[in-house]
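Peer 1:
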Ligand SMILES: NC(=O)c1ccc[n+]([C@@H]2O[C@H](COP(=O)([O-])OP(=O)(O)OC[C@H]3O[C@@H](n4cnc5c(N)ncnc54)[C@H](OP(=O)(O)O)[C@@H]3O)[C@@H](O)[C@H]2O)c1
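Residue numbers (the working numbering): 1269 to 1519.
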């Protein structure tokens, strides 16, 4: 059956696969026929993701790999264990609500370590070591926090995502010589454990959701579906693009 969004026969790495957007993306990729390499730090939650994935059709198995992407030795081991990839969705990340006046160089380092250096270093090494096969597609999960002051006190977070989006465009241009595509997704607020950590109260979240023209925050599947498009052959002429998925917030 004709389906330009199929990921059948592709092997896709998903970071941050133990929770939220990454878990849903791993699930969506496997439902679209891909073999998934899922990575995160928490063994129990990552194993739970693995248990949700439908089996790969051609008899191959999905792969679970534990790694702290801020630790060079973990990144090194992960790279050595990776099969050749047709795609990667780099979701692992964190948030930080901290007014700039209370920020510090350490806080910027902490945020940039996981949101900027971890995905950029992994992408750089996967390309250099040719883990990313010719024609592969990389999807970086950025944020509208990188383009808009979407939520008070998110300057440190926003800066890390803006930097990620900038590198995305340079990588897209450089990697095009090997037909490797690089795009990002900029989600608005998405209902995952990340936004329920107490730094923003549930009342504030409910009030904030009313600012979204489509009347709600996103669900992880809203972002995973965008990633499917960017990974699939349906987007084969798209590179260097930041796909905003935000229920109309940034209009
Ligand atoms: N939710 C939103 O509103 C929203 C909006 C825009 C952008 N985003 C971005 O979307 C991405 C996913 O967020 P989410 O909402 O799905 O958050 P989440 O549910 O908290 O998931 C974050 C994931 O990142 C992994 N992770 C964190 N630190 C890591 C590290 N040092 N090494 C390896 N993995 C690490 C976590 O796994 P372990 O703890 O198991 O390591 C977890 O799987 C993030 O980059 C976030 O900034 C989220």
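C-beta: ideal position from N, C-alpha, C; glycine also.
Does DSSP put residue 1320 in a helix, in a strand, or in coil?
Peer 2: Walking along the chain shown from the start, residue 1320 turns up at place 52. Residue 1320: helix per DSSP, three-state reduction.
Peer 1: Is it true that the CB of residue 1436 sits closer than 8 Å to the CB of residue 1452?
Peer 2: Looking up residue 1452 in the chain shown gives position 184. Looking up residue 1436 in the chain shown gives position 168. Yes.
Peer 1: Would you check if there are 3 or more beta carbon pairs closer than 8 Å linking the region 1473-1488 to the region 1449-1465?
Peer 2: Judged by Cβ distances under 8 Å, the region 1473-1488 makes contact with the region 1449-1465, as three or more pairs qualify.
Peer 1: Within a Cβ cutoff of 8 Å, which residues of the same chain sit near residue 1298, ignoring the five residues on either side of it in sequence?
Peer 2: Working through the chain shown from its first residue, we reach residue 1298 at position 30. Excluding sequence neighbours, residue 1298 sits near 1304, 1321, 1322, 1324, 1330.
Peer 1: Counting C-beta neighbours from all protein chains within 10 Å, is the total for residue 1442 16 or more, i.e. buried, or is it exposed?
Peer 2: The residue labelled residue 1442 in the question sits at position 174 within the chain shown. So residue 1442 ends up on the exposed side.
Peer 1: Using a Cβ-Cβ cutoff of less than 6 Å, which residues in the same chain neighbour residue 1494 once the five nearest sequence positions on both sides are dropped?
Peer 2: Position 226 of the chain shown holds residue 1494. Counting only Cβ-Cβ distances below 6 Å, and skipping sequence neighbours, we find 1453, 1511, 1513.
Peer 1: How would you label residue 1241, buried or exposed, when you count the other beta carbons within 10 angstroms and need 16 or more for buried?
Peer 2: Residue 1241 lies beyond the residue range present for the chain, which begins at 1269 and ends at 1519; the question has no answer from this structure.
Peer 1: By a C-beta neighbour count over all protein chains shown, 10 Å radius and 16 as the cutoff for buried, is residue 1444 buried or exposed?
Peer 2: Residue numbering aside, residue 1444 sits at position 176 when the chain shown is read from its first letter. So residue 1444 counts as exposed.
Peer 1: Could you check if residue 1303 belongs to the surroundings of ligand 1, using beta carbon to heavy atom distance under 7 Å?
Peer 2: If you number the chain shown from 1, residue 1303 lands on position 35. Residue 1303: no, Cβ never under 7 Å from ligand 1.
Peer 1: Any idea which residues DSSP pairs residue 1394 with across the strands?
Peer 2: On the chain shown, residue 1394 is found 126 positions in, with the first residue counted as 1. BP columns for residue 1394 are empty, so no partner.
Peer 1: Report the partner residues of residue 1309 according to the DSSP bridge assignment.
Peer 2: The residue given as residue 1309 occupies position 41 in the chain shown. Residue 1309 pairs with nothing; no bridge assigned.
Peer 1: Applying the criterion that 16 or more other CB atoms from any shown protein chain within 10 Å of the CB defines a buried residue, is residue 1507 buried or exposed?
Peer 2: Within the chain shown, the letter at position 239 stands for residue 1507. Under this definition residue 1507 is a buried residue.
Peer 1: Return yes when the C-beta of residue 1515 is under 7 Å from any heavy atom of ligand 1, and no when it is not.
Peer 2: By one-based count along the chain shown, residue 1515 stands at place 247. No, since every heavy atom of ligand 1 falls outside the 7 Å radius drawn around the Cβ of residue 1515.
Peer 1: Assuming residue 1431 and residue 1384 are in contact, meaning their beta carbons sit under 8 Å apart, how far apart are those beta carbons, in whole angstroms?
Peer 2: Locating residue 1431 in the chain shown gives position 163, where the first residue counts as 1. Locating residue 1384 in the chain shown gives position 116, where the first residue counts as 1. Going by Cβ atoms, the distance from residue 1431 to residue 1384 rounds to 5 Å, so yes, they are a contact pair.
Peer 1: Who are the near neighbours of residue 1375 in its chain, counting only those whose CB is closer than 8 Å to its CB and skipping five residues on each side?
Peer 2: For the purposes of this step, residue 1375 is taken as the residue at position 107 of the chain shown. The residues are 1364, 1366, 1424.
Peer 1: How many Å lie between residue 1338 and residue 1358 at the Cα?
Peer 2: As a first step, residue 1338 must be located in the chain shown, where it is residue number 70. As a first step, residue 1358 must be located in the chain shown, where it is residue number 90. Straight-line Cα distance between these residues: approximately 13 Å.
Peer 1: Among 1420, 1496, 1289, which has the Cα closest to the Cα of residue 1469?
Peer 2: As a working note, residue 1469 is residue 201 in the chain shown. Ranking 1420, 1496, 1289 by Cα distance to residue 1469 puts 1420 first.
Peer 1: Apply the 10 Å Cβ neighbour rule to residue 1291 and answer buried if 16 or more other Cβ atoms are within range, or exposed otherwise.
Peer 2: Locating residue 1291 in the chain shown gives position 23, counting from the first residue. So residue 1291 ends up on the buried side.
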